[in-house]
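Asks: I'd like to ask some things about the structure below.
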Amino acid sequence: MKDKTVNLKGGLGQLTIPIIAVALLVIFNLIRDPGFFSISITHNNYGNAVLAGNLISIINGASELAILAIGMTLVTAATKGQDISVGAAAAIAGSVFVKVLKSGAEISGGTVILAFICSCCVAMIFGAFNGTLVAVFNIQPMIATLILYTCGRSIAYWINGGATPTVTSPIINAIGSFAPGIPIPMPVIIVIIVTILFKLLFHFTSLELLTQSVGINQSAARLNGINTTFIKLLSFILLGVCVSVAGIIGVSRLGLINHETLLLDVEMDAILAVAIGGNSLGGGKFKISGSIIGAYVIQMLTITLYAMKVSSTDVKAYKAIVIVLLVVIGSPVVKERFAKLMKQRKKLAKGGEAA
Amino acid sequence: MKRFSKVLSLIMALVMTLSLAACGGDNGGSNNGGNTTDAGNSSSGGTITVGVVNNPPSESGYREANVKDMEAVFSKENGYELKAFYSLKNDEQLQAAQGFITEGVDYLLISAAETTGWDEVLTKAKEAGIKVYLFDRMIDVDESLYEAAVVSDMAKEGETAVNWLLAQNLPEYNVIHIQGAMGSDAQIGRTGALDEQFASGKMKKVVQQTATWDEAEAKKIVESVINSGESFNVIYAENDGMAKGAVAALDEAGITHGTSGDVIVMGFDCNKWALRELLAGAWNYDGQCSPFQAKIISDYIKSGSTPSSKKIINEEKGFDAKELTQADIDTYGLGE
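If you read the protein sequences in the order shown, they are chains A and B.
For the first sequence, position 93 matches number 93 in our numbering, and the numbering has no gaps at all.
For the second sequence, position 176 matches number 176 in our numbering, and the numbering has no gaps at all.
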């Protein structure tokens, strides 16, 4: 609690950059089209009253990314590296989810829960595999996860025999779209639930502190009796849970699993979300709220570009420009220069007053 | 002692090279023998040996159906002996084709991974009297080296689809065009005909974006159009998956689609699940990209006639939701 008050006094701290980014995008869009963020209520084709509009599209569309960014933040903080296999692992998790759903005769609440548990376990096992390579064998995270990145989608292919199976069920539709009676998209609610679960985890355990100490100085942490191997492994397993949830949302949105395209290239966006969120990619201190905002920044950027009818082949290039700016502004070098500049100004101002 | 061992190793090396050469000679001999006996077999016993060099079924739903079709047509019951080799790599395919030639197959069927590098192998096949058919993909070689190529015409698929759309006689055409991966054969072919309509002003382009075959991306593109408030009445997606993504966006926004809806939904590839959407009236049109070349080739083999043209365009259908039957789904649908 003390920490928070200090933060408030000293401005937004780590969250300055992501919040400025959001503000800039909002202002830009409002100038471009004042009605950009208007929200309306429509009835979807299943007869539910639902919220619609660009804002909903942004918050809804960023759900998978936000969940992955949470897990990625933990891995980054603990291991000083990133997991680049999350997209491929999500394809595996999604394939397992569909496989289990299809093996039953009928899709009911029970089978969905069973499928979720199975997919979650598989994703955690793959997470543990990555984690073992990193924590036990001390392989660089990017290299260790490169293995699953390369072969993950092939594994996903084997699970369902190469086809792109479809699942149609009101329950699946409710998970990926809107549940009857709730006007807020279900993926958004899932993001909120996952965030709360992580907050609770940090509140009731000392995981946050342990992860940070492992990331800041591994040897010091070990000397203080922290099991660094376990903390690193745990971060990958928790990321596995996030991967599975993200994969299931992705599958449920469309009622179809395409192992080649499900959450394609999401790993880079997830790492970016962590970076935009003001977290150091070199590990140590972290804030999952920053990463979540980072995910929304990325999605807002994409939706803005689509709304401007920028060709989707060019979207990535424009995204890159904005992200370069954000990352450079957020870099320690620029921050230091900026701080120096401010000091000089203050001095000058004081000097002026004295004269 | 050292010198002795050197001499010994030299002798050993010599012996080994000699024996290798001898082996090679032997091989050649037995292969030739094999060739003649095989030829004798096929003429007397009536079984025709067919060597198929193809891409692996894991490549896509299309390929899966293609491989199954080959296996079904060139079966024992139909009087064939099928030898198949699958690889995504051109050099492995070349080796396999070489192998089939030395084994002495009667016909060689090729869907090449790459268009180049096939001259030598096909010349050898010709010298050995093996007839070559290309399917699905063309190869950069002289036409005289193969009997015929049975291929799809992606541009024609696009034309068929656009002609169907024109036949719907809508008062106006406001089209959301979702493209496949830019530069792919399927994208270029399926985009061409629609681009002509945009250019002539007959149809209005609301938005033309590539979703690179990604369903989720297609959904986002349609969502952004809906949010912008622009009106549209046609969704032309260049494959089934992207059409499904687009429809998910329509469903969330409460926009009706299909045979009795406001928006016409068009897809390509004819996956079974997509055709079922058509049958349910949720979509309007699905264009076929036929993986079924085996029957055409088999007909030429059985009749013994030479194809009149070197390039045989595989007849492809476009399915209208109003005319589609369950039987069509069973015959033409891909996957499950």
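Think of the CB as a built atom: it goes at the ideal place given N, C-alpha and C, for glycine as much as any other residue.
Note that the structure is predicted; figures quoted are calculated from it, not measured.
1. Assign Trp341(B) to buried or exposed, taking buried as 16 or more other Cβ atoms, counted over all protein chains shown, within 10 Å of its Cβ.
2. Suppose contacts are defined by Cβ-Cβ distances below 8 Å. Is Ala253(B) in contact with Thr42(A) by that definition?
3. For a test of the three-state rule: what should DSSP assign to Ala39(B), helix, strand or coil?
4. Whose C-alpha, out of Glu103(B), Thr102(B), Asp119(B), is nearest the C-alpha of Asn90(B)?
5. Excluding the 5 residues flanking Ile70(A) on each side, which residues of the same chain have their C-beta closer than 8 Å to its C-beta?
6. With a cut-off of 8 Å, do at least 3 Cβ pairs link the region 179 to 191 of chain A to the region 275 to 289 of chain A?
7. Output needed for Gly87(A): all residues of its chain with C-beta closer than 7 Å, excluding positions within five of it in sequence on either side, in chain order.
8. Quick one, which residues of the region 146 to 175 of chain A are near chain B if we go by CB-CB under 9 Å, in chain order?
9. Under 8 Å between C-beta atoms, does Ile303(A) make it to chain B?
10. Tell me which residues share the same chain as Gln208(B) and place their Cβ nearer than 6 Å to its Cβ, disregarding the 5 neighbours each side in the sequence.
11. I'd like to check one pair, Ala249(B) with Lys219(B): are the Cβ atoms closer than 8 Å?
12. Could you check what DSSP says for His259(A) in three-state terms: helix, strand or coil?
13. Is it buried or exposed for Asn361(A), if we count other Cβ within 10 angstroms and need 16 for buried?
14. Could you give the C-beta distance for Ile48(B) and Tyr80(B), rounded to a whole number, given that I count them as a contact under 8 Å?
15. In the DSSP assignment, the alpha helix (DSSP H) including Thr42(A) goes from what residue to what residue?
16. Using a Cβ-Cβ cutoff of less than 6 Å, which residues in the same chain neighbour Asn32(B) once the five nearest sequence positions on both sides are dropped?
17. Output yes if chain B places a C-beta closer than 8 Å to the C-beta of Lys309(A); else output no.
18. Let me check one thing: in DSSP terms, what residues is Glu344(B) bridge-paired to?
19. Give the range of the beta strand (DSSP E) segment to which Ile113(A) is assigned.
20. For the beta strand (DSSP E) containing Asp119(B), list its first residue and its last residue.
21. Is the shortest distance between the beta-carbon of Tyr306(A) and the beta-carbons of chain B less than 8 Å?
22. To the nearest angstrom, how far is the alpha carbon of Cys23(B) from that of Glu103(B)?
23. The beta strand (DSSP E) spanning Val50(A) covers which residue range?
24. Short of 7 Å in beta carbon distance, which residues of its chain neighbour Asp69(B), apart from the five on each side in sequence? Order them along the chain.
25. Comparing C-alpha positions only, which one of Thr168(A), Val214(A), Val188(A) sits nearest to Leu256(A)?
26. CB-CB under 6 Å to Val354(B), same chain, minus the five flanking residues each way: which ones, in chain order?
27. Assess, as a yes-or-no matter, whether the region 158 to 173 of chain B is touched by the region 233 to 251 of chain B under the definition of 3 or more beta carbon pairs within less than 8 Å.
28. Give the DSSP bridge partners of Val175(B), in chain order.
29. Is there at least one Cβ from chain B nearer than 8 Å to Phe236(A)'s Cβ?
30. Residues of the region 251 to 264 of chain A in Cβ contact with chain B at a cutoff of 9 Å, in chain order, please.
31. Please identify the residue among Leu326(A), Met342(A), Gly284(A) whose C-alpha is closest to the C-alpha of Leu301(A).
32. Can you round the beta-carbon distance between Val150(B) and Ile130(B) to whole angstroms, since I take them to be within the 8 Å contact cut?
33. In whole angstroms, give me the CA-to-CA distance for Gln179(B) and Gln187(B).
34. Would Gly283(A) and Gly215(A) be called neighbours here (beta carbons separated by less than 8 Å)?
35. Give the range of the alpha helix (DSSP H) segment to which Gly240(A) is assigned.
36. Let's see if you can read the secondary structure: which residues bound the alpha helix (DSSP H) around Tyr157(A)?
Replies: By the coordinates alone:
1. Residue 341(B) lies beyond the range of chain B shown here (1 to 336); nothing can be said about it.
2. yes
3. Note that Ala39(B) scores a pLDDT of 39, beneath 50, so its modelled location is shaky; the value from the coordinates is reported in the next line. Helix, per DSSP.
4. Asp119(B)
5. Cβ neighbours of Ile70(A) beyond the five flanking positions: Val194, Thr195, Phe198, Cys242, Ile288, Ser291, Ile292.
6. no
7. Correct list, in chain order: Leu263, Leu264, Asp265, Val266, Glu267.
8. Ser154, Tyr157, Trp158, Gly161, Gly162, Ala163, Thr164, Pro165, Thr166, Thr168, Asn173
9. yes
10. His177
11. yes
12. coil
13. Nothing can be reported for residue 361(A): it is not among the residues displayed for chain A, which extend from 1 to 355.
14. 5 Å
15. Per DSSP, Thr42(A) belongs to no alpha helix (DSSP H); it is in the beta strand (DSSP E), 40 to 43.
16. Note that Asn32(B) scores 37 on pLDDT, short of 50, meaning its location in the model is unreliable and no value can be drawn from it.
17. Judged by the 8 Å Cβ criterion, Lys309(A) is in contact with chain B.
18. The question about residue 344(B) has no answer here: the residues shown for chain B are numbered 1 through 336.
19. Run containing Ile113(A): none in the beta strand (DSSP E); it sits in the alpha helix (DSSP H), 109 to 135.
20. Not the beta strand (DSSP E): Asp119(B) falls in the alpha helix (DSSP H), residues 119 to 127.
21. yes
22. Below a pLDDT of 50, predicted positions are generally treated as unreliable, and Cys23(B), at 44, falls in that range; the measurement from the model is reported next regardless. Approximately 17 Å, taken between the alpha carbons.
23. 49 to 52
24. Pro291, Phe292, Ala294
25. The shortest C-alpha separation from Leu256(A) is found at Thr168(A).
26. Summary: the structure shown does not reach residue 354(B), with chain B confined to residues 1 through 336, and so no result is reported for it.
27. yes
28. Lys205(B), Val234(B)
29. no
30. Cβ contacts with chain B come from Arg253, Leu254, Gly255, Leu256, Asn258, Glu260, Thr261, Leu262, Leu263, Leu264.
31. Leu326(A)
32. The pair is not a contact, with the Cβ atoms about 17 Å apart (cut-off 8 Å).
33. 6 Å
34. yes
35. 228 to 254
36. 141 to 159
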